[in-house]
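First up is the structure itself, then whatever we jot down about it.
2 protein chains.
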Amino acid sequence: MTLQTSELNTQAVLAMKGAGYYSARTAGAKHAIDRVRPMLEDALQSLPQQAILRLADFGAADGGTSQEMWAGLIATLRANGDSRPIEMLYTDLASNDFSTLFRTMQGMHGDTAHAYQNSYENVFVHGCGTGFHQQLMADASLCLGFSATAMHYVSKKPCEIEDHVHMVGATPEERAQFSAQAAADWERILLARAAELAPGGRFICLNFGIDEKGRYLGHTGGQSMFDNFTRHWRAMRDGGRITKQEFIRATFAQHYRTVEEFTAPFDDPSSTVRQAGLKLISVETRLTPCPYNALYRGSSTKMSSADYAASLIPTTRSWSETVFRTALASRPEAEIQALLDAFYDDYEQQVAADPSGHAMDYIHILMAIEKQA
Amino acid sequence: MTLQTSELNTQAVLAMKGAGYYSARTAGAKHAIDRVRPMLEDALQSLPQQAILRLADFGAADGGTSQEMWAGLIATLRANGDSRPIEMLYTDLASNDFSTLFRTMQGMHGDTAHAYQNSYENVFVHGCGTGFHQQLMADASLCLGFSATAMHYVSKKPCEIEDHVHMVGATPEERAQFSAQAAADWERILLARAAELAPGGRFICLNFGIDEKGRYLGHTGGQSMFDNFTRHWRAMRDGGRITKQEFIRATFAQHYRTVEEFTAPFDDPSSTVRQAGLKLISVETRLTPCPYNALYRGSSTKMSSADYAASLIPTTRSWSETVFRTALASRPEAEIQALLDAFYDDYEQQVAADPSGHAMDYIHILMAIEKQA
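These protein sequence lines map, in sequence, to chains A and B. No gaps in the numbering here: position 76 of the first sequence is 78 in the numbering used here, and each next residue is one more. No gaps in the numbering here: position 332 of the second sequence is 334 in the numbering used here, and each next residue is one more.
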């Protein structure tokens with residue numbers, strides 16, 4: 003699996019692993035973003051006529067996966083004669099690696115092709131380290147907002163999930179609590195964007211979610227990744243290697259919203275979100291194939307099942323480890339490391355033994371939202 | 003000596019030492035800033051009437067030393083009925099620790115008294131990781147800019163200083179090269195601010211420099227800090243512990259401008275800076291006493307000369323070490339460490355033997371500059 007770096011960052015994994023660690027693994031996240039570009043090109047057709055053309059990328063992590071897209075949009079704007087000053091605001095949590103982001107945007111990492119800040123006059127890059135549940139800039143100043151794969155995190159875990167690691171395997175009661183938290187978060191997110199957007203401005207977002215076929219990340223037919231996490235984590239509990247409490251504490255602070263959950267605030271004309279002036283322009287779901295699986299299937303004569311497992315699972319580990327590590331936090335570091343190694347080794351052996359059905363396809367819910375004039 | 007963290011950051015020392023390392027050492031820098039507050043209060047009287055009240059702190063490092071001042075200014079604005087949205091832009095190099103800055107502004111480090119972002123509605127904190135020699139925001143959008151102790155760094159060393167470590171001890175030919183580089187940098191800095199400032203907006207800055215009495219940082223009567231650096235560095239060369247080239251390579255990338263150098267762009271009505279609409283409102287020089295020395299002299303019965311040396315020199319080391327470390331960069335780390343330890347030990351022993359005249363008073367040149375309407 004390739005991974006949107008915003009997900010890593012939100013979990014403070016990047017800080018642990020260091021800059022650049024994931025750069026080679028973000029091809030899939032970038033691919034998902036590139037496919038959304040027509041929705042942003044469409045938004046360019048009716049941008050608000052503010053004196054400053056303000057853009058924003060919410061939960062942007064190091065900005066790498068969306069950089070080419072933004073560079074292309076700015077090229078289009080300039081080619082179309084829009085010479086307004088452009089201010090680009092990249093937001094993420096305070097723990098985000100903003101230094102890597104700023105270096106990337108200035109082409110300091112060697113790749114200058116999309117360092118649009120250098121290529122155009124009057125393009126300014128700023129950052130914001132406040133979470134996107136809050137309003138992050140002045141009222142009615144934002145012309146075009148964007149967010150990729152960042153808003154499936156809930157602002158707090160409403161409960162631990164007792165017999166699974168993720169809300170997709172929760173009991174109905176647990177799931178209802180996650181759903182309520184996610185609904186409250188989504189309302190806050192939308193109201194904050196409603197305040198920021200200038201009339202006519204759009205917010206385009208793609209988020210992990212559950213599509214109309216019930217598919218979600220790592221669960222698109224065949225094996226289910228979160229079930230497999232649970233299976234191996236449970237085996238460690240049943241084998242006495244972790245405690246019952248450690249088993250329970252491994253709960254992803256995520257909610258994969260359904261299409262209905264994403265669109266609910268737009269259904270009722272009296273909702274706070276509709277009253278704030280937001281209108282849903284479009285919603286669709288999209289599957290982005292797992293690039294590791296594509297590589298494996300496309301070159302089956304060269305890549306063994308063990309090779310495939312050895313590419314897929316460490317990548318999975320890169321963004322999920324923090325959840326299991328946190329569950330083990332009361333132990334000495336060496337013990338934690340050994341337990342995590344054993345856990346992911348078990349999963350890797352499962353995949354190596356029979357890779358069929360194991361893949362990390364993305365399922366995204368894509369939305370275009372407009373602030374009414 | 004207490005130290006402005008912007009200086010550290012510009013030299014990437016903070017990254018090496020980690021967040022919070024200097025927090026206890028910034029009392030003097032904060033004191034210098036607090037004393038400039040009346041100049042900013044004065045600027046509030048005639049702020050441009052932009053819809054967004056945009057403020058900026060250039061070379062702000064972690065923002066800690068100026069936070070109380072900004073919190074006070076925002077309190078004044080709100081108390082006076084100015085309810086415009088406020089956007090605060092903290093700028094520094096991309097290598098700056100923006101995470102610490104953003105956490106500080108959200109009161110995440112425990113000190114919430116001046117976390118003004120939390121205390122007032124419609125106050126937004128942003129960062130910018132592009133150097134302040136460039137324009138950093140849209141034309142005519144800045145209402146009030148500020149910078150403390152950040153602009154004595156030259157954007158590049160025009161030459162090594164052969165027989166001293168700092169331009170204050172350079173030959174006339176070397177000094178002329180540093181002076182020319184600093185003049186070009188200062189012109190770029192001012193032209194960038196001229197573009198950013200809205201008509202009527204002000205840029206208030208305090209910078210290390212040389213005052214009308216020839217005083218500068220660590221050279222305010224008695225001993226001269228940069229001469230002492232040179233003395234002990236030269237002794238290491240003469241003792242065969244470092245090479246001649248290593249001696250030469252220890253050159254601070256700094257220029258302490260005189261008052262005349264700071265004001266020169268404003269003297270000639272045909273200068274680029276004047277043509278860009280900038281006007282010098284005031285210039286003055288100010289000495290901020292070394293807090294370590296004040297502590298020593300104020301409690302001489304309790305603090306020995308060795309204690310004083312042990313407080314003064316490690317603090318000096320915290321911001322100067324990077325220069326000497328860079329000069330030794332071709333050696334193994336253990337050798338570098340041993341040589342640096344010996345170098346600062348020599349200096350500490352000098353101070354312990356006779357502390358008289360050793361102090362790290364700040365000398366600042368304070369300027370208020372206005373963009374003409």
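We put the beta carbon where it would ideally sit given N, CA and C, even for glycine.
Could you give the distance in angstroms between the alpha-carbon of M3 of chain B and the alpha-carbon of L368 of chain B? Taking the second sequence and counting its residues from 1, one reaches residue 3 of chain B at position 1. Taking the second sequence and counting its residues from 1, one reaches residue 368 of chain B at position 366. The pLDDT assigned to M3 of chain B is 27, lower than 50, so where the model puts this residue is not dependable, and the model offers no usable value.
Just checking: is the beta-carbon of F148 of chain A within a distance shorter than 7 Å of some beta-carbon in chain B? Counting from 1 along the first sequence, the entry for residue 148 of chain A is found at position 146. When Cβ-Cβ separations below 7 Å define contact, F148 of chain A makes no contact with chain B.
Which residues mark the beginning and the end of the alpha helix (DSSP H) in which K403 of chain A is found? A question about residue 403 of chain A goes unanswered here, because the residues of chain A that appear run from 3 up to 375.
Taking 7 Å as the CB-CB cut-off, is C145 of chain A touching chain B? What you label residue 145 of chain A is simply residue 143 of the first sequence in a count that begins at 1. By this cut-off, C145 of chain A is not an interface position.
Between the CA atoms of V167 of chain A and D343 of chain B - distance to the nearest angstrom: Taking the second sequence and counting its residues from 1, the one referred to as residue 343 of chain B is at position 341. Taking the first sequence and counting its residues from 1, the one referred to as residue 167 of chain A is at position 165. Our two residues, D343 of chain B and V167 of chain A, have alpha carbons roughly 51 Å apart in a direct line.
Would you decide whether Q13 of chain B is buried or exposed? Buried here means 16 or more other CB atoms lie within 10 Å of its CB. In the second sequence, counting from the first residue as 1, residue 13 of chain B sits at position 11. Model confidence at Q13 of chain B stands at a pLDDT of 31, short of 50, so the residue's coordinates are unreliable and nothing is read from them.
Going along the region 255-281 of chain A in order, which residues come within less than 9 Å of chain B, judged by CB to CB distance? So nothing in the stretch comes that close.
Spatial neighbours of E162 of chain A within its chain, please: CB distance less than 7 Å, with the 5 preceding and 5 following residues excluded, ordered by chain position. As a first step, residue 162 of chain A is located in the first sequence; it is residue number 160 there, counting from the start. Correct list, in chain order: I250, R251, T253.
Cα-Cα separation, A370 of chain B to S68 of chain B: For the purposes of this step, residue 370 of chain B is taken as the residue at position 368 of the second sequence. For the purposes of this step, residue 68 of chain B is taken as the residue at position 66 of the second sequence. If you draw a straight line from the Cα of A370 of chain B to the Cα of S68 of chain B, it comes to about 17 Å.
What are the boundary residues of the alpha helix (DSSP H) that includes M169 of chain B? Residue 169 of chain B sits at position 167 when you count from the first residue of the second sequence. Note, M169 of chain B: premise wrong, no alpha helix (DSSP H); not H, not E.
Going along chain B, which residues have a C-beta under 8 Å from Q51 of chain A? One-based indexing of the first sequence puts residue 51 of chain A at position 49. Near Q51 of chain A there are no residues of chain B at all, since even the closest Cβ is about 14 Å away, more than 8 Å.
At 3 residues or longer, and completely inside the region 185-212 of chain A: list those beta strand (DSSP E) runs for me, N to C. 199-212
C-beta atoms of R105 of chain A and A182 of chain B nearer than 7 Å: Position 103 of the first sequence, counted from the start, is the residue given in the question as residue 105 of chain A. Position 180 of the second sequence, counted from the start, is the residue given in the question as residue 182 of chain B. Taking 7 Å as the Cβ cut-off, R105 of chain A and A182 of chain B do not qualify as a contacting pair.
With a threshold of 16 other CB atoms inside 10 Å of the CB of K32 of chain A, please say whether the residue is buried or exposed. Within the first sequence, numbered from 1, the residue matching residue 32 of chain A stands at position 30. So K32 of chain A ends up on the buried side.
Can you list the residues of chain A that F104 of chain B reaches, using a CB-CB cut of under 9 Å? Taking the second sequence and counting its residues from 1, the one referred to as residue 104 of chain B is at position 102. Residues of chain A passing the Cβ test: L95, A96, S97, N98, F100, G129, C130, G131, T132.
Roughly how many angstroms separate the alpha carbons of G359 of chain B and G224 of chain B, rounded to a whole number? As a first step, residue 359 of chain B is located in the second sequence; it is residue number 357 there, counting from the start. As a first step, residue 224 of chain B is located in the second sequence; it is residue number 222 there, counting from the start. Each residue's alpha carbon lies about 4 Å from the other.
Relative to chain B, which residues along the region 54-70 of chain A have a C-beta separation below 8 Å, given in chain order? I54
Could you work out which residue in B:V38, B:Y364, B:G61 is closest to G74 of chain B when comparing CA atoms only? Numbered from 1 along the second sequence, position 72 holds the residue referred to as residue 74 of chain B. Per the Cα distances, B:V38.
Just mark G66 of chain B as buried or exposed, buried being the case when its beta carbon has 16 or more other beta carbons within 10 Å. On the second sequence, position 64 is the one that residue 66 of chain B refers to. The residue in question, G66 of chain B, is buried, as its Cβ has 16 or more Cβ neighbours within 10 Å.
Would you report the Cα separation of Q179 of chain B and P160 of chain B, rounded to the nearest angstrom? One-based indexing of the second sequence puts residue 179 of chain B at position 177. One-based indexing of the second sequence puts residue 160 of chain B at position 158. Q179 of chain B and P160 of chain B: Cα-Cα distance of roughly 6 Å.
Counting beta carbon pairs with one atom in the region 281-298 of chain B and one in the region 325-332 of chain B, are three or more of them shorter than 8 Å? no
Would you tell me roughly how many angstroms separate the C-alpha atoms of G242 of chain B and I338 of chain B, rounded to the nearest one? In the second sequence, counting from the first residue as 1, residue 242 of chain B sits at position 240. In the second sequence, counting from the first residue as 1, residue 338 of chain B sits at position 336. Going from the Cα of G242 of chain B to the Cα of I338 of chain B covers about 15 Å.
I'd like to know if S25 of chain B contacts chain A, where contact means its C-beta is closer than 7 Å to some C-beta of that chain. Along the second sequence, one-based indexing puts residue 25 of chain B at 23. Note that S25 of chain B scores 35 on pLDDT, short of 50, meaning its location in the model is unreliable and no value can be drawn from it.
Which one of B:A115, B:N120, B:S101 has the shortest CA to CA distance from G131 of chain B? If you number the second sequence from 1, residue 131 of chain B lands on position 129. Nearest of B:A115, B:N120, B:S101 to G131 of chain B, Cα basis: B:S101.
7 Å Cβ cut-off: residues of chain B touching D141 of chain A: Stepping through the first sequence from its first residue, residue 141 of chain A is reached at position 139. Residues of chain B passing the Cβ test: P87.
So A63 of chain B packs on P293 of chain B, CB below 8 Å; how close in whole Å? Working through the second sequence from its first residue, we reach residue 63 of chain B at position 61. Working through the second sequence from its first residue, we reach residue 293 of chain B at position 291. The beta carbons of A63 of chain B and P293 of chain B sit about 18 Å from each other, so the pair does not count as a contact at 8 Å.
Is the Cβ of F126 of chain A closer than 7 Å to any Cβ of chain B? Position 124 of the first sequence, counted from the first residue, corresponds to residue 126 of chain A. It does: the Cβ of F126 of chain A has a partner Cβ on chain B nearer than 7 Å.
Which same chain residues end up closer than 7 Å to Q376 of chain A when comparing Cβ atoms and leaving out the 5 residues on each side of it in sequence? Given that chain A is displayed from residue 3 to residue 375, the structure contains no residue 376 of chain A and the question cannot be resolved.
Straight-line Cα distance separating A152 of chain A from A142 of chain A: In the first sequence, residue 142 of chain A corresponds to position 140, counting from 1. In the first sequence, residue 152 of chain A corresponds to position 150, counting from 1. Those two C-alpha atoms are separated by around 23 Å.
Just checking my contact of L144 of chain B with E214 of chain B at CB under 8 Å: how many whole Å lie between their CB atoms? As a position in the second sequence, residue 144 of chain B is number 142, starting the count at 1. As a position in the second sequence, residue 214 of chain B is number 212, starting the count at 1. With 8 Å as the limit, L144 of chain B and E214 of chain B do not qualify as a contact, their Cβ atoms being about 30 Å apart.
On the CB-based measure, 16 or more other CB atoms within 10 Å of its CB, does M362 of chain B come out buried or exposed? Counting from one through the second sequence, the residue named residue 362 of chain B turns up at place 360. With 16 or more other Cβ atoms within 10 Å, it is buried.
Segment contact, 8 Å Cβ cut-off, at least three pairs: the region 84-99 of chain A with the region 37-55 of chain A: yes
Find the residues of chain A that neighbour M110 of chain B, judging by a C-beta separation of less than 7 Å, and give them in chain order. Your numbering for residue 110 of chain B matches position 108 in the second sequence. Per Cβ cutoff of 7 Å: A96.
Does DSSP put Y298 of chain A in a helix, a strand or coil? Counting from 1 along the first sequence, the entry for residue 298 of chain A is found at position 296. Looking at Y298 of chain A - three-state DSSP - the assignment turns out to be helix.
Tell me which residues share the same chain as N124 of chain B and place their Cβ nearer than 6 Å to its Cβ, disregarding the 5 neighbours each side in the sequence. Indexing the second sequence from 1 puts residue 124 of chain B at position 122. The answer, listed in chain order, is P87.
Nearest-angstrom Cα separation, counted from N209 of chain B out to L1 of chain B: In this structure chain B extends from 3 to 375, so residue 1 of chain B is not present and cannot be described.
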